[in-house]
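Below is one structure, written out as structure tokens, with a few remarks after it.
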Amino acid sequence: MCLAVGAGYAALQYSAKAPWSRQLNYALAALRFAVVSFLCYLLLAPFIKTTTARTEAPTVVLAVDNSQSVELFTPKDVLSQATAGLGKLAETLRGRGFAVETRTLTAMPGRPARLDSLRFSAATTDLDQLLSGTRAAYDGRNLAGVVLVSDGLVNQGRSPAYSEYSFPIYGVAVGDTVPKKDLRLTGLTYNRVAFSGNKFPIEAEIGFEGYTGGTATVELRDGNKVLDTRRVALPAERRRVRASFQITAPAPGKRRYDVRVVPQPGEFTELNNQRTAFIEVVKGKLRVLLAGAAPHPDLKALRAAILANDNFDLTIALPGVAPLRADADFDVAILHQLPAKEGLGNEILAQVKARKTPAFYILGAQSDLAAYNQLGAGLTIQPRGAQTDDVTPVPNPGFARFATDEEAARRFAQYPPAPVPFGDYRLGAGAEAALWQQVGRVATQKPLLVFGGPQDRRQATLLTDGSWQWRLQEAVEHDDRPEAYDRLVIRTLQLLTQNANKKRLDVYPTQDAFGTQDDVTLGAETYNAVFERLYNQKIDLTLTDAKQQTRRFSFANAEDGAPLHLGPLPAGLYRYQARATLGGQPQQDAGELLVQSQPLEALESKADHNLLAQLARRSGSRLYYPAQFDKLAQDILKANYKPVITTEEDLKDLINLKWLFFVILAFLTVEWAARKYSGSV
Numbered sequence: 001m002c003l004a005v006g007a008g009y010a011a012l013q014y015s016a017k018a019p020w021s022r023q024l025n026y027a028l029a030a031l032r033f034a035v036v037s038f039l040c041y042l043l044l045a046p047f048i049k050t051t052t053a054r055t056e057a058p059t060v061v062l063a064v065d066n067s068q069s070v071e072l073f074t075p076k077d078v079l080s081q082a083t084a085g086l087g088k089l090a091e092t093l094r095g096r097g098f099a100v101e102t103r104t105l106t107a108m109p110g111r112p113a114r115l116d117s118l119r120f121s122a123a124t125t126d127l128d129q130l131l132s133g134t135r136a137a138y139d140g141r142n143l144a145g146v147v148l149v150s151d152g153l154v155n156q157g158r159s160p161a162y163s164e165y166s167f168p169i170y171g172v173a174v175g176d177t178v179p180k181k182d183l184r185l186t187g188l189t190y191n192r193v194a195f196s197g198n199k200f201p202i203e204a205e206i207g208f209e210g211y212t213g214g215t216a217t218v219e220l221r222d223g224n225k226v227l228d229t230r231r232v233a234l235p236a237e238r239r240r241v242r243a244s245f246q247i248t249a250p251a252p253g254k255r256r257y258d259v260r261v262v263p264q265p266g267e268f269t270e271l272n273n274q275r276t277a278f279i280e281v282v283k284g285k286l287r288v289l290l291a292g293a294a295p296h297p298d299l300k301a302l303r304a305a306i307l308a309n310d311n312f313d314l315t316i317a318l319p320g321v322a323p324l325r326a327d328a329d330f331d332v333a334i335l336h337q338l339p340a341k342e343g344l345g346n347e348i349l350a351q352v353k354a355r356k357t358p359a360f361y362i363l364g365a366q367s368d369l370a371a372y373n374q375l376g377a378g379l380t381i382q383p384r385g386a387q388t389d390d391v392t393p394v395p396n397p398g399f400a401r402f403a404t405d406e407e408a409a410r411r412f413a414q415y416p417p418a419p420v421p422f423g424d425y426r427l428g429a430g431a432e433a434a435l436w437q438q439v440g441r442v443a444t445q446k447p448l449l450v451f452g453g454p455q456d457r458r459q460a461t462l463l464t465d466g467s468w469q470w471r472l473q474e475a476v477e478h479d480d481r482p483e484a485y486d487r488l489v490i491r492t493l494q495l496l497t498q499n500a501n502k503k504r505l506d507v508y509p510t511q512d513a514f515g516t517q518d519d520v521t522l523g524a525e526t527y528n529a530v531f532e533r534l535y536n537q538k539i540d541l542t543l544t545d546a547k548q549q550t551r552r553f554s555f556a557n558a559e560d561g562a563p564l565h566l567g568p569l570p571a572g573l574y575r576y577q578a579r580a581t582l583g584g585q586p587q588q589d590a591g592e593l594l595v596q597s598q599p600l601e602a603l604e605s606k607a608d609h610n611l612l613a614q615l616a617r618r619s620g621s622r623l624y625y626p627a628q629f630d631k632l633a634q635d636i637l638k639a640n641y642k643p644v645i646t647t648e649e650d651l652k653d654l655i656n657l658k659w660l661f662f663v664i665l666a667f668l669t670v671e672w673a674a675r676k677y678s679g680s681v
């Protein structure tokens with residue numbers, strides 16, 4: 001039909017006698033026939049179907065445990081045999097059509113490792129993360145299997161024995177299952193905070209192999225000075241012993257103490273003979289007043305959280321039950337549902353206000369919200385009737401005064417909902433929310449825990465009297481260890497009782513202590529002359545270690561609260577000095593931060609080949625040794641892994657091809673030009 005229309009149109013157009021030659025007439029008719037026929041064809045909406053076939057070769061991932069323990073405890077000839085065998089295996093598999101990629105514990109995401117640049121330098125071993133990361137990276141791809149080269153020692157994350165993997169694991173065992181003759185310091189137990197002038201203990205746990213029946217000497221050092229020495233017996237019936245030291249806390253400040261096991265002849269390594277304790281010496285215990293409008297389960301939960309920490313003295317006050325003495329002395333007050341309706345507990349509130357004591361308000365059903373709004377705590381609440389919302393806590397990532405780790409955030413997400421007043425919330429000048437409210441599965445930016453108040457009297461507010469459920473739930477779920485709840489309460493009290501900030505430049509570590517693998521971060525706050533927050537101010541920072549070596553940084557404090565990232569640092573006590581120019585006036589601040597070293601890779605010398613055998617057996621494979629790489633290659637080839645062929649069909653309307661427009665335009669242009677030229681002769 002399209003051809004007929006085109007032919008009819010051409011015949012109608014060119015059947016009459018023309019002033020040009022017959023050959024040109026036929027040519028012009030042919031052009032018109034082609035154009036009209038094709039335009040009619042396009043009206044029928046034709047399409048092009050394209051089929052593309054792709055072939056994906058089976059992939060074998062060489063997952064290499066490049067931790068320090070592998071190089072430290074594997075005989076050199078065995079390790080060389082393993083690395084050479086990996087290269088030969090990769091070459092053999094590639095020659096048989098396999099794709100081979102390498103992953104290590106320290107490889108950057110998206111950047112595969114290379115066998116020729118393999119370094120056994122990882123300070124920790126997390127095999128589950130290595131295997132789970134492989135599973136995620138190759139999800140939906142033709143992953144034939146994973147060759148896991150490891151000593152089976154895991155000191156980070158969970159054991160891979162408790163995870164499920166959807167691919168075969170070919171375990172290659174390195175390391176040594178024969179214990180080395182060694183003395184090692186396996187752990188230190190101490191309180192991170194001590195009171196000046198008081199005695200505090202440091203207890204060391206010593207593990208040993210090959211020195212049964214002898215003795216070990218353990219030293220406690222302050223720098224190069226030996227403070228105390230213990231000689232401990234190494235009995236045959238045990239593999240671990242303890243040595244205890246008692247120290248008198250010096251003047252307030254951060255102190256570093258080294259505990260060292262003196263090396264003995266024949267010891268395999270001295271890397272695990274020393275550990276460091278960092279202790280903050282403070283003036284004395286913090287005195288806390290816990291006052292409530294009436295008996296409540298919250299009071300018991302708060303009391304338990306406070307008494308779990310030895311650094312606090314607690315006084316409890318309840319109107320009509322346990323009145324507050326006029327001579328009671330306290331550094332911070334927790335006011336549960338105070339101010340209360342009908343003036344209940346006003347005498348306690350008056351005493352706290354008269355002393356300008358930092359206060360932690362907890363709001364509930366008995367709270368007088370109108371009276372609370374007059375306190376200047378940094379938050380104003382306009383309730384809508386007596387309605388409540390049931391919420392769970394969500395950390396505010398922009399709050400940098402104390403950090404909430406991933407484990408605490410996971411525990412917060414498991415808390416049961418607690419009631420908060422339903423209404424409008426408004427934060428005052430300088431107030432910040434540490435926790436947001438989550439209603440059901442919807443995270444909001446309504447505050448749940450707020451820090452505010454004037455500079456000379458810090459105040460905090462928790463908008464629920466149902467937090468006792470959180471501590472109870474966490475204790476049930478985590479073996480009577482509600483660490484996240486207790487830490488939240490303690491950090492709130494510590495933040496309230498810090499010296500009132502009269503500094504216009506305030507730079508502080510975001511954690512009490514960092515590990516050598518952590519990204520060390522510092523928070524920063526800047527203020528104008530009337531102590532209003534400033535942002536995007538240039539701050540110069542000088543960081544000095546114990547050897548007086550300095551590092552310099554320059555950064556700006558962003559509005560989103562992003563900290564300064566210093567990256568991983570070697571273990572030690574660092575001092576920093578920050579400088580900035582605010583409103584034309586130079587300002588400075590100084591402080592200390594701690595980086596602790598934990599020689600995890602040197603603590604255990606005996607390889608765990610049973611773990612590798614279990615992973616291989618569970619996935620339908622078996623365990624190999626470095627001398628069996630040829631057998632491993634044969635078994636992978638025998639498994640007969642096939643390439644995966646995928647096809648894709650693409651349907652595209654012909655009218656959407658732009659080049660067809662230009663072809664039609666060219667035909668019409670040629671026809672018009674020929675007619676114009678020939679008709680003008």
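First residue of the sequence shown? That's 1 in UniProt numbering, and the numbers climb one at a time after it.
Beta carbons are placed, not taken as given, at the ideal position from N, Cα and C, and that holds for glycine.
Nothing here was measured: the structure is a model prediction, and the numbers come from that model.
Suppose you measure from the CA of Thr357 to the CA of Glu347; what does that come to, to the nearest Å?
As a first step, residue 357 is located in the sequence shown; it is residue number 357 there, counting from the start. As a first step, residue 347 is located in the sequence shown; it is residue number 347 there, counting from the start. Approximately 14 angstroms, taken between the alpha carbons.
Within the continuous alpha helix (DSSP H) that includes Tyr26, where are the two ends?
On the sequence shown, position 26 is the one that residue 26 refers to. DSSP places Tyr26 inside the alpha helix (DSSP H), whose first and last residues are 22-42.
Closer than 6 angstroms by C-beta to Arg575: which residues in its own chain qualify, once you throw out the five before and the five after it? Chain order, please.
By 1-based counting over the sequence shown, the position of residue 575 is 575. Excluding residues within five positions, the ones whose Cβ falls inside 6 angstroms are Thr544, Glu592.
Thr464 vs Pro419 beta-carbon contact at 8 angstroms
As a working note, residue 464 is residue 464 in the sequence shown. As a working note, residue 419 is residue 419 in the sequence shown. For Thr464 and Pro419, yes; Cβs fall inside 8 angstroms.
Do the region 410-430 and the region 367-384 make contact, defined as three or more Cβ pairs closer than 8 angstroms?
yes
Buried/exposed call for Ser117, threshold 16 Cβ in 10 Å
Indexing the sequence shown from 1 puts residue 117 at position 117. The residue is exposed, with fewer than 16 neighbouring Cβ atoms inside 10 Å.
If you run the structure through DSSP and keep just helix, strand and coil, what is Ala500?
Position 500 of the sequence shown, counted from the start, is the residue given in the question as residue 500. Note that Ala500 has pLDDT 47, beneath the 50 cutoff, so the model's placement of it is unreliable and the number below is only indicative. Coil, per DSSP.
Hey, how far is the Cα of Glu559 from the Cα of Arg401?
As a first step, residue 559 must be located in the sequence shown, where it is residue number 559. As a first step, residue 401 must be located in the sequence shown, where it is residue number 401. Each residue's Cα considered, the two are about 14 angstroms apart.
Neighbourhood of Gly187 by C-beta, 7 angstroms cutoff - its chain only, sequence neighbours within 5 removed
Within the sequence shown, the letter at position 187 stands for residue 187. Excluding residues within five positions, the ones whose Cβ falls inside 7 angstroms are Glu205.
With 16 as the cutoff for other CB atoms within 10 Å, does Ala340 come out buried or exposed?
Here residue 340 is taken as the residue at index 340 of the sequence shown, counted from 1. Ala340 comes out buried.
For Gly292, which residues does DSSP report across the bridge?
Working through the sequence shown from its first residue, we reach residue 292 at position 292. For Gly292, which the question treats as bridged, DSSP gives the partners His336.
Let me check understanding here. Comparing Cα to Cα, which of Arg240, Leu185, Leu344 lies closest to Val218?
For the purposes of this step, residue 218 is identified with residue 218 of the sequence shown, where counting begins at 1. Of the listed residues, the one whose Cα sits closest to Val218 is Leu185.
Tell me, please, whether the region 601-618 touches the region 141-154 by the rule of three or more beta-carbon pairs shorter than 8 angstroms.
The region 601-618, when compared against the region 141-154, does touch it at the 8 angstroms Cβ threshold.
Inter-residue Cα distance where the pair is Gly515 and Gln634:
Here the question's residue 515 lines up with position 515 in the sequence shown. Here the question's residue 634 lines up with position 634 in the sequence shown. When rounded, the separation of the alpha-carbon atoms in Gly515 and Gln634 is 44 angstroms.
Which of helix, strand or coil does DSSP assign to His609?
Locating residue 609 in the sequence shown gives position 609, where the first residue counts as 1. In the structure shown, His609 sits in a helix (DSSP, three-state: H, G or I).
Could you have a look at Phe412 and say whether DSSP puts it in helix, strand or coil?
As a position in the sequence shown, residue 412 is number 412, starting the count at 1. The answer is helix: DSSP assigns Phe412 an H, G or I state.
The beta strand (DSSP E) with Ser244 in it runs from where to where?
Position 244 of the sequence shown, counted from the first residue, corresponds to residue 244. Ser244 -> beta strand (DSSP E) spans 240-248.
Provide the residue(s) that pair with Thr276 in DSSP beta bridges, ordered along the chain.
Residue mapping note: residue 276 aligns to position 276 of the sequence shown, counting from 1. Beta-bridge pairing links Thr276 to Asp258.
Cα-Cα separation between Val681 and Leu651, rounded to whole angstroms:
Numbered from 1 along the sequence shown, position 681 holds the residue referred to as residue 681. Numbered from 1 along the sequence shown, position 651 holds the residue referred to as residue 651. Annotation note: pLDDT 39 at Val681 (below 50); position unreliable, coordinate value reported separately. Roughly 49 angstroms separates the two Cα atoms.
Specify whether the region 462-478 and the region 368-376 touch according to this definition: at least 3 beta carbon pairs, one from each stretch, less than 8 angstroms apart.
no
Report the residue ranges of all beta strand (DSSP E) runs contained in full by the region 162-201; include only those spanning at least 3 residues, in chain order.
169-173, 182-190, 193-195
Taking only three categories from DSSP, how would you classify Gly6?
In the sequence shown, the residue the question calls residue 6 occupies position 6. Here Gly6 sits in helix by DSSP.
Can you list, in chain order, the residues of its chain whose CB lies under 7 angstroms from that of Gly207, leaving out five sequence neighbours each side?
On the sequence shown, residue 207 is found 207 positions in, with the first residue counted as 1. The residues are Arg184, Thr186, Arg239, Arg240.
To the nearest whole angstrom, what separates the beta carbons of Asp589 and Asp506, a pair I think is in contact under 8 angstroms?
Translated into positions along the sequence shown, residue 589 becomes position 589. Translated into positions along the sequence shown, residue 506 becomes position 506. Sure, about 6 angstroms apart at Cβ, within 8 angstroms.
Report the option in Thr51, Gly197, Asn272 whose CA atom is closest to the CA atom of Glu209.
Against the sequence shown, residue 209 aligns to sequence position 209. Closest option to Glu209, Cα to Cα, is Asn272.
Looking only at its chain, what residues have a beta carbon closer than 7 angstroms to the beta carbon of Gly376, apart from the 5 residues adjacent to it on each side?
As a first step, residue 376 is located in the sequence shown; it is residue number 376 there, counting from the start. Contacts found: Gly453, Pro454.
As assigned by DSSP and simplified to three states, the class of Phe330:
Looking up residue 330 in the sequence shown gives position 330. In the structure shown, Phe330 sits in coil (DSSP, three-state: anything other than H, G, I, E or B).
Starting from Gln596, follow the beta strand (DSSP E) in both directions and report where the run begins and ends.
Residue numbering aside, residue 596 sits at position 596 when the sequence shown is read from its first letter. Note, Gln596: beta strand (DSSP E), 585-596.
So, with DSSP's three-state summary, where would you put Leu582?
Reading the sequence shown from its first residue, position 582 is the one you call residue 582. If DSSP states are grouped into helix, strand and coil, Leu582 belongs with the strands.
Would you say the beta carbon of Phe402 comes nearer than 7 angstroms to a heavy atom of the ligand FAD?
Summarising the ligand content, the structure contains no ligands, and the ligand FAD is consequently not present.
Indicate the three-state DSSP secondary structure (helix, strand or coil) for Phe553 in the structure shown.
As a first step, residue 553 is located in the sequence shown; it is residue number 553 there, counting from the start. Reduced to three states, the DSSP call for Phe553 is strand.
Which whole-angstrom value describes the C-beta separation of Arg79 and Thr269, a residue pair presumed to lie in contact below a C-beta threshold of 8 angstroms?
As a first step, residue 79 must be located in the sequence shown, where it is residue number 79. As a first step, residue 269 must be located in the sequence shown, where it is residue number 269. In the sequence on display, residue 79 carries Leu and not Arg. With 8 angstroms as the limit, Leu79 and Thr269 do not qualify as a contact, their Cβ atoms being about 16 angstroms apart.
So, helix, strand or coil for Lys356, using DSSP?
Here the question's residue 356 lines up with position 356 in the sequence shown. DSSP places Lys356 in coil when its eight states are reduced to three.
Considering only the beta carbon of each residue, do Phe47 and Leu654 sit closer than 8 angstroms?
Walking along the sequence shown from the start, residue 47 turns up at place 47. Walking along the sequence shown from the start, residue 654 turns up at place 654. Yes; because the gap between Cβ atoms is below 8 angstroms, this pair is in contact.
By a C-beta neighbour count over all protein chains shown, 10 Å radius and 16 as the cutoff for buried, is Arg411 buried or exposed?
By 1-based counting over the sequence shown, the position of residue 411 is 411. So Arg411 counts as buried.
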